[in-house]
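Q: The structure's right below; bear with me while I get my questions together.
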Amino acid sequence: MLVKVIGLDTNKEYIRGTRDYCLRILNEEYPSQPLESTKGHVTYPEPLIIKKLGVK
361 MLVKVIGLDT
371 NKEYIRGTRD
381 YCLRILNEEY
391 PSQPLESTKG
401 HVTYPEPLII
411 KKLGVK
């Protein structure tokens, strides 16, 4: 299934492809931060939405 990842605030398209590919690339670009403030989670520049492509 193909998806695209867009920013909730800016509507910017970050990446498109298979879900696994998109998540892998995003995790490479925005690695987990071992800081207390992020609790070890991945920090993206804005909230992201995954939308399916080709769904009517």
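Counting in my numbering, the sequence shown runs from 361 upward without gaps. The C-beta atom is built at its ideal place from N, Cα and C for all residues, glycine as well. Note that the coordinates shown come from a computational prediction; the quantities given were computed from them, not determined experimentally.
#1: Could you round the C-beta distance between L386 and Y374 to whole angstroms and report it? I think they count as a contact, below 8 Å.
#2: Going along the chain, which residues of its own chain have a beta-carbon closer than 8 Å to the beta-carbon of I409, five neighbours each way excluded?
#3: Rounded to a whole number of angstroms, what is the C-alpha to C-alpha distance between R378 and L413?
#4: Considering only C-alpha positions, which residue in the set T370, N371, T403 is nearest to E389?
#5: For L354, does the three-state DSSP call read helix, strand or coil?
A: Concretely, from the data shown:
#1: Numbered from 1 along the sequence shown, position 26 holds the residue referred to as residue 386. Numbered from 1 along the sequence shown, position 14 holds the residue referred to as residue 374. The Cβ separation is near 7 Å, so the contact holds.
#2: To locate residue 409, count along the sequence shown from 1; it is residue 49. Taken in chain order, the residues that qualify are V365, I366, G367, L368.
#3: In the sequence shown, counting from the first residue as 1, residue 378 sits at position 18. In the sequence shown, counting from the first residue as 1, residue 413 sits at position 53. At residue 378 the sequence reads Thr, which differs from the Arg that was named. Their backbone Cα atoms lie some 10 Å apart in a straight line.
#4: Numbered from its first residue, the sequence shown carries residue 389 at position 29. Residue nearest to E389 within the set T370, N371, T403 is T403 (criterion: CA-CA distance).
#5: As shown, the chain starts at 361 and ends at 416. That puts residue 354 outside it, with no answer to give.
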